[in-house]
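Undergrad: Handing you a structure now.
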Amino acid sequence: MNLKRYLTALIIVSLLISCKGQNNEVIKTDTLNMYDKNIDKRAYYLNYDLFLTYDIYLNDIKIISQYQAIGPVSGLGYVNEHILSSGKQTIRLVSKDLFPEKRNIPARIFEKFNMEIYSADENDENIENIKKFDFPDIQTPNPYVFEKTWTFEAKVPFDIEGWKNGRDLSKIDEKELEKMVVDKFQHYRKLLNDGNVDQFMAEHKKNFEEFVIANYYQKGWSEYNENIRETIGNQKGIMLPLENYKMKIYGNGKLVSLERREVNETFYNRSPLIAIDKKENILYSDYVWLYMPKGGTTLEPVRLNVDYTIADFSK
Numbered sequence: 153m154n155l156k157r158y159l160t161a162l163i164i165v166s167l168l169i170s171c172k173g174q175n176n177e178v179i180k181t182d183t184l185n186m187y188d189k190n191i192d193k194r195a196y197y198l199n200y201d202l203f204l205t206y207d208i209y210l211n212d213i214k215i216i217s218q219y220q221a222i223g224p225v226s227g228l229g230y231v232n233e234h235i236l237s238s239g240k241q242t243i244r245l246v247s248k249d250l251f252p253e254k255r256n257i258p259a260r261i262f263e264k265f266n267m268e269i270y271s272a273d274e275n276d277e278n279i280e281n282i283k284k285f286d287f288p289d290i291q292t293p294n295p296y297v298f299e300k301t302w303t304f305e306a307k308v309p310f311d312i313e314g315w316k317n318g319r320d321l322s323k324i325d326e327k328e329l330e331k332m333v334v335d336k337f338q339h340y341r342k343l344l345n346d347g348n349v350d351q352f353m354a355e356h357k358k359n360f361e362e363f364v365i366a367n368y369y370q371k372g373w374s375e376y377n378e379n380i381r382e383t384i385g386n387q388k389g390i391m392l393p394l395e396n397y398k399m400k401i402y403g404n405g406k407l408v409s410l411e412r413r414e415v416n417e418t419f420y421n422r423s424p425l426i427a428i429d430k431k432e433n434i435l436y437s438d439y440v441w442l443y444m445p446k447g448g449t450t451l452e453p454v455r456l457n458v459d460y461t462i463a464d465f466s467k
């Protein structure tokens, strides 16, 4: 298995190019110097082989969303930033067939399923299989819908706040909450479309701080900072309107976001914060998770997934 420390399934930014943009002070000096060299920095990965369309949740946060009509899909996802502290973590799989008229799937589909949690040290060495998840020994259900939850133990040298102290958003009036979420997303859309990289980065400071801590990214922050700023800046002037969205609550009621409604390969479960570069056939998607601190009345960003993919818009 080739575990790459500087790639994550949640922030797919692989622009290993130089950036001449301003290197703003987003991360505290204490964060960049927080780990003693003798601390065991365990990184956790989810390795999977699945079929059809599926969503994978870690601690009730959707970390992987795959749209597929037929055939198998494999992947490797780095999951540390959604682990807030050591202890029991929850994995949930929801797998379904969105195309029953094209039902070309195995009679015993679960024999082909595989999901495993691995860990490694910061050098991608000392790899350990933490848990292999079990699947039922049965015929493929018809109609096909499958959901199962498992747990595994994580041991990490950090204890970050994240959304631990967030309010239960499910107790807020739904229409009132959706208005707050949409207002936030409209604000982020304007920042992205105006090319206001500095302010966008500053407003997501908590995300970047905790991302660096959870991913042991102290040495890689400078390069990552340049690449993420480049990716955000590339969306200037090409953002789509904020439309076709639905509100989704995650994190056991403490996180909220917007997702596109379309059930198709291009937009399935993506954020409505989308930019399309038709000249280069590039689609940018900025998935933002919001939370409301206890005692507060406004939503704040706590996680950000900048997704950069190649897509054909010539059709």
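153 is the number of the first residue of the sequence shown in the working numbering; add one for each residue after it. Just so you know, even glycine gets a beta-carbon here, dropped at the ideal spot from N, CA and C. Treat the numbers as computed from the prediction; the structure is a model and nothing was measured.
Out of Lys431, Phe360, Ser238 and Glu432, point me to the one whose CA is closest to Trp441's CA.
TA: Closest by alpha carbon: Phe360.
Undergrad: Where does Phe363 sit, in a helix, a strand or coil, going by DSSP?
TA: Of the three classes helix, strand and coil, the one that applies to Phe363 here is helix, per DSSP.
Undergrad: Can you list, in chain order, the residues of its chain whose CB lies under 7 Å from that of Val297, leaving out five sequence neighbours each side?
TA: Lys248, listed in sequence order.
Undergrad: Measure from the alpha carbon of Glu233 to the alpha carbon of each residue in Val415, Phe262 and Gln241, then state which is nearest.
TA: Nearest option by C-alpha distance: Gln241.
Undergrad: Can you find the residues in the same chain that come closer than 7 Å, C-beta to C-beta, to Trp302, ignoring five residues on each side of it along the sequence?
TA: Only Ile243 and Phe285 meet the Cβ criterion.
Undergrad: Could you tell me which of Glu274, Ile290 and Tyr270 sits nearest to Ile282, measuring between CA atoms?
TA: The shortest Cα separation from Ile282 among Glu274, Ile290 and Tyr270 belongs to Tyr270.
Undergrad: Quick check: the Cα distance between Leu468 and Arg260, rounded to an integer number of angstroms?
TA: Not covered by the structure: residue 468. The range shown for the chain is 153 to 467.
Undergrad: Excluding the 5 residues preceding and the 5 following Leu184 in the sequence, name in chain order all residues of the same chain whose CB lies nearer than 7 Å to its CB.
TA: Within the same chain, Leu184 has close Cβ partners Gln370 and Trp373.
Undergrad: Where does Lys485 land, buried or exposed, given buried means 16+ other C-beta within 10 angstroms?
TA: Outside the displayed range of the chain (153 to 467) lies residue 485, so it cannot be described from this structure.
Undergrad: For the beta strand (DSSP E) holding Asn386, just list the boundary residues, first then last.
TA: Unbroken run through Asn386: none, as it is neither H nor E.
Undergrad: Inspect the beta-carbon positions of Leu392 and Ile426 and report whether they are closer than 8 Å.
TA: Yes, the Cβ-Cβ distance between Leu392 and Ile426 is below 8 Å.
Undergrad: Tell me whether Lys189 is buried or exposed, calling it buried when 16 or more other Cβ atoms sit within 10 Å of its Cβ.
TA: When all chains shown are included, Lys189 counts as exposed.
Undergrad: Measuring CA to CA, which of Met444, Tyr230, Ile290 and Tyr200 is closest to Gly405?
TA: Closest by alpha carbon: Met444.
Undergrad: By the three-class DSSP mapping on this structure, what secondary structure does Ala354 have?
TA: Of the three classes helix, strand and coil, the one that applies to Ala354 here is helix, per DSSP.
Undergrad: Classify Trp441 as helix, strand or coil using the three-state DSSP reduction.
TA: Strand.
Undergrad: Measuring alpha carbon to alpha carbon, tell me which of Tyr439, Lys446, Asn416 and Ile462 ends up nearest Lys431.
TA: Nearest option by C-alpha distance: Ile462.
Undergrad: Pull up the distance between the alpha-carbon of Leu210 and that of Asp346, whole angstroms please.
TA: Distance between the alpha carbons of Leu210 and Asp346: 33 Å.
Undergrad: Reducing DSSP to helix, strand and coil, say where Gln291 ends up.
TA: In this structure, Gln291 counts as coil in the three-state DSSP scheme.
Undergrad: Quick check: the Cα distance between Leu198 and Asn367, rounded to an integer number of angstroms?
TA: Near 15 Å, if we compare the C-alpha coordinates of Asn367 and Leu198.
Undergrad: Going by DSSP, name the residue or residues bridged to Gly239.
TA: DSSP, once it has assigned bridges, lists Ala306 as partnering Gly239.
Undergrad: Nearest-angstrom Cα distance between Leu228 and Tyr200?
TA: Answer to the nearest angstrom: the Cα atoms are 6 Å apart.
Undergrad: On the criterion of 16 or more Cβ atoms from any shown chain inside 10 Å, does Gly314 qualify as buried, or is it exposed?
TA: Gly314 is buried by the Cβ-count criterion.
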